[in-house]
Amino acid sequence: MLGLLLLQVLASCLWLGHSEVVTPFDSCPQFFYAGIPPNDALNPNNPAWICQHFSNSFRYATLYDIDRRIPVYSAYKYQPGFGNSPHLWWFVEPQLINPAYSKDMATEMYIEKTYHITLQQIGQNQAITQDYQNLQGLDRGQLCPIVHQSGDYNKTATFTLTNIVPQNSILLEGAWKEYEKKTMAQNTQGCTTTYVITGAVPGDNYISNNRVNVPSHIWSAACCLGDEKPTKAWGAIAENNMNEVTVISLGELEEELSKLYPGKTVTLFDDACPRE
Ligand SMILES: *[C@@H]1O[C@H](CO)[C@@H](O)[C@H](O)[C@H]1NC(C)=O
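Going from the sequence shown to the numbering used here is simple: count from 1 and add 39.
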């Protein structure tokens, strides 16, 4: 009898051990079509999978490149709408400083006070507010943009530096904004849900004393569901030094990204959305 009990305890320990294996975006698969993130072709050497959490909810998902201190991509559901977001501050990610810290995005000042640490420690594995100060011709570009979210909290949650890349100011305010607002509104007509993945290809230049990479390209992919099944998809890509966005098919975008990540084959929606 005791032997059986021991066996059961042992078995349940093994089971627990097994279930603790953490897979990427385990707690926020809802931001990916069918719960499946892009394949690992985009993964940097030093990745962090962030389920962006703010005010008691997950808001979107970000794959972060710790070495280059920029996101690889943010993934979210397209839900443009109303809401206020006083963005007088920027958030950073406590869990990137220490895995034991909070999984809620927070301001630098809050983190300094709560954990008694310095700004330098906060900036070890991620960009901080001062990295983006005094930029010339570049501005903070959101991969999950405020204009694709609704409600105060969802909008506010886009103002975190793990969702930001240094983006060409003219592109950001020009052709990219036009794509985000007009092209997306037109293309998503008739879609019940649209899953979006927006990313940045690392470039050769850095800002802030070599701390933060300036991407060479910004891209975005969308998969539109009719009733439940994907009905159409598309992609867009821009060089980060020109005011021009090229709208292409999903397949063409994946090919383009496969060239920009040499030796890799990029699959964004696990083959599930129309490529043509
Ligand atoms: C905020 O985002 C979440 C996750 O995408 C969504 O479920 C929720 O409906 C959004 N809230 C509002 C007010 O749009």
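Quick reminder that beta carbons are idealized off the backbone N, C-alpha and C, glycines included.
For residue i and residue j, what's the separation of their Cα atoms in angstroms?
| i | j | result |
| --- | --- | --- |
| His92 | Asp191 | 14 Å |
| Arg108 | Trp215 | 22 Å |
| Gln206 | Asp106 | 18 Å |
| Val111 | Asn252 | 11 Å |
| Gly242 | Ile209 | 18 Å |
| His256 | Phe308 | 20 Å |
| Ala311 | Lys268 | 9 Å |
| Glu295 | Arg314 | 13 Å |
| Ile75 | Ala272 | 16 Å |
| Leu333 | Gly274 | The chain is shown only over 40 to 315; residue 333 falls outside these bounds and no answer can be derived. |
| Asn202 | Gln225 | 25 Å |
| Thr285 | Val204 | 19 Å |
| Arg250 | Gly265 | 43 Å |
| Val240 | Pro138 | 26 Å |
| Trp258 | Met148 | 32 Å |
| Glu293 | Ile167 | 31 Å |
| Val60 | Asn123 | Legend: pLDDT at Val60 = 39, less than 50; position of this residue unreliable, value from coordinates given subsequently. Roughly 38 Å separates the two Cα atoms. |
| Thr237 | Asp178 | 17 Å |
| Leu289 | Asn95 | 34 Å |
| Ala196 | Tyr115 | 12 Å |
| Ile185 | Lys303 | 31 Å |
List the residues that DSSP assigns as beta-bridge partners of residue i.
| i | result |
| --- | --- |
| His92 | Phe97 and Asp143 |
| Asp104 | Pro86 and Ile109 |
| Val240 | His256 |
| Cys262 | Tyr234 and Ala272 |
| Leu177 | Asn207 |
| Val286 | Ala275 |
| Ile246 | Val251 |
| Thr199 | Phe130 |
| Lys152 | DSSP output for Lys152 lists no bridge partner at all. |
Within 10 Å of its beta-carbon, does residue i have 16 or more other beta-carbons around it, so buried, or fewer, so exposed?
| i | result |
| --- | --- |
| Thr157 | exposed |
| Trp128 | exposed |
| Glu132 | buried |
| Asn173 | exposed |
| Ala100 | buried |
| Lys298 | exposed |
| Phe71 | buried |
| Asp104 | buried |
| Pro301 | exposed |
| Val305 | buried |
| Gly180 | buried |
| Ala73 | exposed |
| Pro254 | buried |
| Gly229 | exposed |
| Pro125 | exposed |
Are the Cβ atoms of residue i and residue j separated by less than 8 Å?
| i | j | result |
| --- | --- | --- |
| Gln134 | His187 | no |
| Asp170 | Ser247 | yes |
| Arg98 | Asn164 | no |
| Cys263 | Thr227 | yes |
| Gln175 | Ile136 | no |
| Gly120 | Ser66 | no |
| Pro63 | Trp88 | yes |
Verify the contact flag: residue i, CB atom, against every heavy atom of ligand 2, threshold strictly below 7 Å.
| i | result |
| --- | --- |
| Gly74 | Ligands in the displayed structure: ligand 1; ligand 2 is not one of them. |
Pairing CB atoms from the segment 141-157 with CB atoms from the segment 209-227, are three or more of them under 8 Å? no
Okay, do the segment 150-169 and the segment 232-244 touch, 3+ Cβ pairs below 8 Å being the bar? no
Three or more C-beta pairs closer than 8 Å, one from the segment 79-87 and one from the segment 272-284: is that the case here? no
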